[in-house]
Every structure is written in structure tokens, then in C-alpha cells.
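S.K.: This is the structure I have questions about; it appears just below.
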Amino acid sequence: MRAKLVSLVLTLVLAGLLGATLVRFAPGYGVDEHALDPRLSRESVEALQNRAPARDGLLRYYAGYLQGLLRGDLGESGTLNRPVAELIRERMPVTARSIGLGLALAWSAGLALALLPQLFRSPVLDWMTAAAAGVFLCAPAAVVALAALHAEAPTGLALAAVIFPRVFRYARNLLAGAAAMPHVLAAEARGLGRVQILGRHILPLATPQLLSLLGVSLNLAFGASIPVEAVCGSPGLGQMAWQAALGRDLPVLVNMTLLLAALTMISNFLAEAVTAKCVPVRA
Amino acid sequence: MRTGAGMKGARRVIVVVLLILLGGAASGAFLYRVPYDQQNRESFGAPPSKEHPLGTDELGRDRLARLLHGSRISLLLATAAALLATAIAGVVGAAAGHFGGWCARAFQVLVDLFLSLPWLFLLIMLRAILPLNVSPVVSLAITFALLGCLGWAGSARVIAAGVQSMHRSDFMLQARALGCRPSRLLLHVIPNLRPLLLAQLCISIPLFLLSEANLGLLGLGVAEPMPSWGNLLRELENFHAVSVNPWVLAPAVLLVTVVGCFHILLSGKESHA
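Which chain is which? The protein sequence lines are A and B, in order.
Numbering of the first sequence is given in the numbering used here, commencing with residue 137 and proceeding in unit increments.
Numbering of the second sequence is given in the numbering used here, commencing with residue 52 and proceeding in unit increments.
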């Protein structure tokens, strides 16, 4: 567990360094394009150049960034002219709400559809549920978001439509694998009911691996929130990341990189810890 | 729940459908010789006609010509990007799995770093850092090169695990017992990686097609007037046009069909394995 924590911290530091490297060496770093305006006087150009970030070395830039981070100063957004910390505080609840709703709906729908064919042992039902999930799996998240916008559905529903086919596919394969285990076949041969077999033999076997998917689905939800929030006009972190990309707002992008890496790694770490607790220790 | 023979037949049909679509995309633009960027000032947003079988867009450009060129660009370049990503994954994954030690640990941290960031976020972040105001050809190259250079991490992890399990196999044990050096052992490993690399290539193509479509719809993909499935899908933003002219859905239908074909092929392979 300690090794995992060290690896987590090391990866986070590297994620920050990667973000800082990209910002420092991005074409146009430290140049204010307004300074190229021929109408400006020499004094105005000098003032703009003084306002631009200093052309420090990479490590000095990163150390400065980390110092600011420890003080809670994440820099200022170039496009929105507001502190990044304030923007994240403002937009985080919007994204958290839509991701929460999206994950709840996606897991409910994905698990329900994966359980149905196991419960009724019907190949037709299996084919139909797989086909329904397959259509959503093959559509880009932005197109799903456009359809949700057209139907005036909430952002969370669009996110659920993007995540649920992935949850379904994984859960379906896991449950099918567990159902084919010899002890499950033996229970079936002894005449146990489908509900009993599912509850006592199939689900306990699949639960630890399903739990580990929880961490991954959070990563999926954050990824999907970018096109969904951008298309649906929801003022969350996903929309901010998209606006920052269009406006080359590098301070926002580097902070978002660190935030997303931290959230994903912590959720994966927690999911793994819970999974490890669930799996019985073998002698 | 599916029979082996039925699945094999379905896979054959899927391969034929994919080949027809790929052939159509590759040759269609040569057979239908209408320029994709030619604006017809007399007919903006025109319905299908003899001259324009899929009608024209809001700038008066022939939709079929744009769809054929866009399909060729998206399919060929997504395949090229997938080849690049699989090649990088093959080299990095094989090195990490084969040499182990610090090489494997460094590889683990690098892959964790890549996989800890949502794929689309990583793409738009790097796309934003590169110049946005570039010519359509450069934007095309940047988009697909980014997909190829960033999409290797997941595949590399699978390949590294495959190489590690290969190291425990009987033929490798025998080779080591005969005194093969690590560099020579690699010559035994590489040919056996072919099925794994092929599977990763088939996984990457639909992933890259969907990513390009998302980037295009968000305005960070291939720049106009160059068509690609991503920027052709931008027509769907106009709900009125979709309800009046359902044929604007053609790129979406093609994209879903191709990605679906790849998914069915892959699920067939999984069940076969």
C-alpha cells in the first residue's frame, strides 16, 4: 500500500511537470500578441512585455508554480481574466452534479441490462441488450450530447448515455465468465433458482472486478464531460477545459491536468483498496 | 450463448462490409470527380438532386463529394495513426516486458501518467498547445499525428503483459537453457507478438475515428475546407437542417457503421479466444 502511495505521489509530480513543460515550451510562451499591434506606442509595448511571464528555465518555472500551488494561487486565466482557483471552485459543483447523476444512471442501466440475460438465460435478450448498448458505444460523445441537447435532456443523462455501454460491456463479460464457472453449473444442475444462483454465486464473484471499474468510470466521465458540457453549454470544468483549449489558456490547462490526474489516481487508488478488501485472502 | 459457426459467418459479413466501405472511401473520390471545396452560389442547402445526390451544405458545397473525401481522409489517416500508435506501443511494451527492472518501473510510471488523464482531455490539451491558426493540411497532420503519438499507452501495457507471460513459456525457457542472450531472446518474442499487435491495431482504429469526430465537432480537429468525418458532423449542430434534410446524418451513420463493424470483429475475437 505504501509503495502504491509513493507511486501515486510520484506520478502526480510528473503530471505537474509534464503540464509545466508543455506550457513553458509551447510556441508563443511569454509573448503577448497585443504587443504586435502596430498602433501601440513603444511605452505601451514595453508595458505589455513587462506584464508577460518571465522566460525562466523549466525547473524554476515549475518550482514557482508549485510554490503558488501551496499558497492556493493557481495563476490567472488568460481568456477569462480571473484567478484559476476561483474558476475551478465555481465550476466544480456543476461538473460534480452532472458526473454524479451520469455515473448513477450509467451504472444502474449498465448493470440492469447486463443482469437481465443472466436472469432469464435468453440469447435473444442478450443480443438485444448488446445491440442497444453497441449503438451508444459507436457514437462519438459529442453526437450523443447533441442528441441530448435536441431532446432537452439534462447533461447528466448525456454523460450516462456515453458511460453506460462501457459499464454494460464490462459487466456483461464478467457475469458471463462467472456464470460459466463449474460451481455455478453445479448449482444449476442441483436445481437452484436463477435469482439464488445470481445472488449467491455469480454476483459475489464479479463484484471485486466491478468495483475496480468504478475508478475507471470516473476517468471516463471526466473525459466525456468535455464534449458533453461544451455542446450542451453547461458551465462546468469540461466546458472550461474546452474554452481554454480554444483560447490557448495555458494556466487553466496545466491546473486542469493536475486536478484531473489527482482525481483519477485517487479514485483508482480507492477502488483498488476497496477491491483488495473484498477479495478473500487465499491461504 | 453464440455458436462458433454463426459468429464466424457474422465476422465474414462484417469483414466484407468493412472492405466495401474502405474500398468505397478510397476509390469514391476518384470516381465522383466533384471538388469538395467548390461553392455553388446558386444552391445553398439544396435537397438531393441529379447534380448533387446528397444535396449541398450551407456554403453550397456538394455533400457527397465532401463525404467521399472526408471518409477517405478519416479512414486512411485513422489507420495510419493506429499503425503509428501500435508501433510505439510494440517497441515500448516489448522493451519494458523483456528487460524488466528499472525499465519496467519507468514504463509503469509513464503509462500510469498517460492513463491517469482522460484521453480526450490529453488530446485537446496538446492540440491547444500546438498552433491553432494553421493551414488545413497542417491541422490534418497535427490531428492524426497527435492521435498516433498519444494513443499508445493502453496498448503498450497489454503488450508488456504479453511479453512477460511469453517469458514464462516453455520455448523461452528452452532458449534460455540453450544460452540465448537477452537480445537474441527478443528475436523469438517479436514474431509471437503479431496477433497481439493486430488486435491492438483493430482496437485503436475505431478509438481514433471517434476521437477525431469529437475533436472535429469541438472545432479542434481538421480545419475547413478540408473535410473529415469530424467536421462533417458539425452540420448536426443545426437541428432545423437535420429535421428538414435527414441526409446530413450520412457521416454519422457511416461512422457508427464502421466503428460498429470493428467492435463486432473484436468481440468475435474475444469470444473466439
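Think of the CB as a built atom: it goes at the ideal place given N, C-alpha and C, for glycine as much as any other residue.
Predicted, not measured: the structure shown is a model, and the values here were computed from it.
Which chain B residues are close to A:A79, counting only those with a beta carbon under 8 Å from its beta carbon?
M.R.: This structure gives no information on residue 79 of chain A, because the portion of chain A shown stretches from 137 to 419.
S.K.: What residues of chain B sit near A:F300, judged by a beta carbon separation below 8 Å?
M.R.: Translated into the one-based positions of the first sequence, residue 300 of chain A becomes position 164. Correct list: empty, because the minimum Cβ distance to chain B is about 15 Å.
S.K.: Could you tell me the alpha carbon to alpha carbon distance between A:L202 and B:E288, rounded to whole angstroms?
M.R.: The sequence position of residue 202 of chain A within the first sequence is 66, counting from 1. The sequence position of residue 288 of chain B within the second sequence is 237, counting from 1. Approximately 41 Å between the Cα atoms of the pair.
S.K.: Inspect the beta-carbon positions of A:S361 and A:G374 and report whether they are closer than 7 Å.
M.R.: Taking the first sequence and counting its residues from 1, the one referred to as residue 361 of chain A is at position 225. Taking the first sequence and counting its residues from 1, the one referred to as residue 374 of chain A is at position 238. Cβ atoms of A:S361 and A:G374: closer than 7 Å.
S.K.: If distances are taken between C-alpha atoms only, which option among A:L282, A:M392 and A:C368 comes closest to A:E212?
M.R.: As a position in the first sequence, residue 212 of chain A is number 76, starting the count at 1. Nearest C-alpha to A:E212: A:M392.
S.K.: Can you tell me where the alpha helix (DSSP H) with A:V390 in it begins and where it stops?
M.R.: Translated into the one-based positions of the first sequence, residue 390 of chain A becomes position 254. Its alpha helix (DSSP H) spans residues L386 to C414.
S.K.: Quick one, are the C-beta atoms of A:A221 and A:L205 less than 7 Å apart?
M.R.: The residue labelled residue 221 of chain A in the question sits at position 85 within the first sequence. The residue labelled residue 205 of chain A in the question sits at position 69 within the first sequence. Not in contact: A:A221 and A:L205 (Cβ atoms no closer than 7 Å).
S.K.: Determine whether the beta carbon atoms of A:A407 and A:S348 lie at a separation below 7 Å.
M.R.: Counted from its first residue, the first sequence places residue 407 of chain A at position 271. Counted from its first residue, the first sequence places residue 348 of chain A at position 212. Yes. Within cutoff.
S.K.: Look at the alpha carbon of B:N296 and the alpha carbon of A:A267, and state the distance between them as a whole number of angstroms.
M.R.: Start at 1 with the first residue of the second sequence, and residue 296 of chain B comes out as number 245. Start at 1 with the first residue of the first sequence, and residue 267 of chain A comes out as number 131. One C-alpha to the other measures close to 27 Å.
S.K.: For A:R418, which of helix, strand or coil comes out of DSSP?
M.R.: Along the first sequence, one-based indexing puts residue 418 of chain A at 282. Below a pLDDT of 50, predicted positions are generally treated as unreliable, and A:R418, at 47, falls in that range; the measurement from the model is reported next regardless. In the structure shown, A:R418 sits in coil (DSSP, three-state: anything other than H, G, I, E or B).
S.K.: According to the neighbour-count rule (16 or more other Cβ atoms, all chains shown, within 10 Å of its Cβ), is B:H149 buried or exposed?
M.R.: Counted from its first residue, the second sequence places residue 149 of chain B at position 98. Buried, because 16 or more other Cβ atoms sit within 10 Å of the Cβ of B:H149.
S.K.: Measuring only between beta-carbons, confirm whether B:M176 sits less than 7 Å from chain A.
M.R.: The residue you call residue 176 of chain B lines up with position 125 of the second sequence. Cβ-Cβ to chain A under 7 Å: yes for B:M176.
S.K.: Buried or exposed: which applies to B:C200, given that a residue is buried once 16 or more other Cβ atoms fall within 10 Å of its Cβ?
M.R.: Position 149 of the second sequence, counted from the start, is the residue given in the question as residue 200 of chain B. Exposed, because fewer than 16 other Cβ atoms sit within 10 Å of the Cβ of B:C200.
S.K.: Bridge partners of A:P219, per DSSP?
M.R.: Walking along the first sequence from the start, residue 219 of chain A turns up at place 83. DSSP output for A:P219 lists A:E212 as bridge partner(s).
S.K.: For A:H286, count neighbouring C-beta atoms within 10 Å of its own C-beta (all shown protein chains included) and say buried if the count is 16 or more, exposed if not.
M.R.: Against the first sequence, residue 286 of chain A aligns to sequence position 150. With fewer than 16 Cβ atoms within 10 Å of its Cβ, A:H286 is classed as exposed.
S.K.: Look up B:D88 in the DSSP assignment and say whether it is helix, strand or coil.
M.R.: Here residue 88 of chain B is taken as the residue at index 37 of the second sequence, counted from 1. Three-state result, B:D88: coil.
S.K.: Could you check whether the Cβ of A:W243 sits closer than 7 Å to any Cβ belonging to chain B?
M.R.: Along the first sequence, one-based indexing puts residue 243 of chain A at 107. So no, A:W243 is outside the interface.
S.K.: Within 7 Å of any Cβ in chain B, is that where the Cβ of A:R175 sits?
M.R.: Residue numbering aside, residue 175 of chain A sits at position 39 when the first sequence is read from its first letter. For A:R175, the answer is no, since every Cβ of chain B falls outside 7 Å of its Cβ.
S.K.: Name, in chain order, the residues that DSSP records as bridge partners for B:T107.
M.R.: Position 56 of the second sequence, counting from 1, holds the residue named residue 107 of chain B. DSSP output for B:T107 lists B:D113 as bridge partner(s).
S.K.: Between A:V230 and A:P371, is the Cβ-Cβ spacing less than 7 Å?
M.R.: Numbered from 1 along the first sequence, position 94 holds the residue referred to as residue 230 of chain A. Numbered from 1 along the first sequence, position 235 holds the residue referred to as residue 371 of chain A. Cβ distance < 7 Å, so A:V230 and A:P371 count as in contact.
S.K.: Considering B:A228, what are the terminal residues of the alpha helix (DSSP H) in which it resides?
M.R.: As a first step, residue 228 of chain B is located in the second sequence; it is residue number 177 there, counting from the start. Per DSSP, B:A228 belongs to the alpha helix (DSSP H) from D221 to A228.
S.K.: Where B:T137 and A:A269 are concerned, what is the direct C-alpha to C-alpha distance, given to the nearest angstrom?
M.R.: For this step, residue 137 of chain B is matched to residue 86 along the second sequence. For this step, residue 269 of chain A is matched to residue 133 along the first sequence. Near 27 Å, if we compare the C-alpha coordinates of A:A269 and B:T137.
S.K.: Smallest Cα separation from B:G111: which of B:V68, B:P99, B:L119 and B:I256?
M.R.: For the purposes of this step, residue 111 of chain B is taken as the residue at position 60 of the second sequence. B:G111 has its Cα closest to that of B:P99, out of B:V68, B:P99, B:L119 and B:I256.
S.K.: What distance in whole Å lies between the Cβ atoms of B:H239 and A:L273, which are believed to be in contact at a cut-off of 8 Å?
M.R.: Position 137 of the first sequence, counting from 1, holds the residue named residue 273 of chain A. Position 188 of the second sequence, counting from 1, holds the residue named residue 239 of chain B. Contact flag wrong, Cβ pair sits at about 37 Å.
S.K.: Do B:L247 and B:I193 come within 7 Å of each other at the CB atom, strictly closer than that value?
M.R.: If you number the second sequence from 1, residue 193 of chain B lands on position 142. If you number the second sequence from 1, residue 247 of chain B lands on position 196. No, Cβ-Cβ distance for B:I193 and B:L247 is not below 7 Å.
S.K.: From A:L146, A:G238, A:A139 and A:A412, pick the residue whose C-alpha is nearest to that of A:P290; which is it?
M.R.: As a position in the first sequence, residue 290 of chain A is number 154, starting the count at 1. Considering only alpha carbons, the answer is A:G238.
S.K.: Could you tell me if the beta carbon of B:V64 falls within a distance shorter than 6 Å of some heavy atom in the ligand PLP?
M.R.: Because no ligand of any kind appears in the structure shown, any question about the ligand PLP cannot be addressed here.
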